[in-house]
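Numbering (the numbering used here), first residue to last: 3 to 123. Each residue gets a CB set at the ideal place from its N, CA and C atoms; glycine is no exception. Structure, as C-alpha cells:
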Amino acid sequence: MINVILFNSIAALLIILIIVWFWLIKSKSTQVQVDEITVYVKDSAYSPNRIETSHSKLTINFIREDASPCSEYVLFEELNVHEQLPLNKPHKITLTNLKSGNYRFTCQMGMYQGELIVTNQ
C-alpha cells in the first residue's frame, strides 16, 4: 500500500513538473533588427521561442539539435508553412508578405511552441 502511495506521489510530481516546463516557463524573446534570425531546436524547446519583428519578410534558420521525433517538423499553421527539419543541419524558412499579427509555430504534436510577433513597419 505504501508503495502505491509513493508511486502516485512521484507520478503526480512529474506531471506538475512537465506542465511547468512546457507552459509556465517565461518565454525567451528576441527583437529582430534585421531580416534573418537563427532558432535552435534543443532541450524540448525553441530558443528563442518568441520573435518580434517589424519586417514583412523574415528568414528563420532553424537548427535542430534535438533528436526527438517531435522536433522533426515545424509548423506555422496560420501561414500554411510545414517544414521538416534535418538533424544538426541549418534549415532556412523564408516568410514573406507578413502582416501585422501574432503567428504561433509548433512541432507537429504541439509540445514545442513559439510565437512570431509582427508589427507594422
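Going by beta carbons, Arg66 and Leu97 fall outside the 8 Å limit. Each of Lys44, His84, Asn51, Glu85 was checked against the Cα of Asp68, and the nearest Cα belongs to Lys44. Distance from the CA atom of Gln110 to the CA atom of Leu77, rounded to whole angstroms, is 7 Å. Here the alpha carbons of Ile7 and Thr40 stand approximately 46 Å from one another.
A straight line joining the alpha-carbon of Phe107 with that of Leu60 spans about 14 Å.
In terms of Cα proximity to Asn104, the closest of Asn10, Glu79, Tyr75 is Glu79.
Looking at the DSSP output, His93 bridges to Phe64.
Look at Leu77 here: in three-state DSSP terms it is strand. Bounds of the beta strand (DSSP E) holding Lys44 are 38-44.
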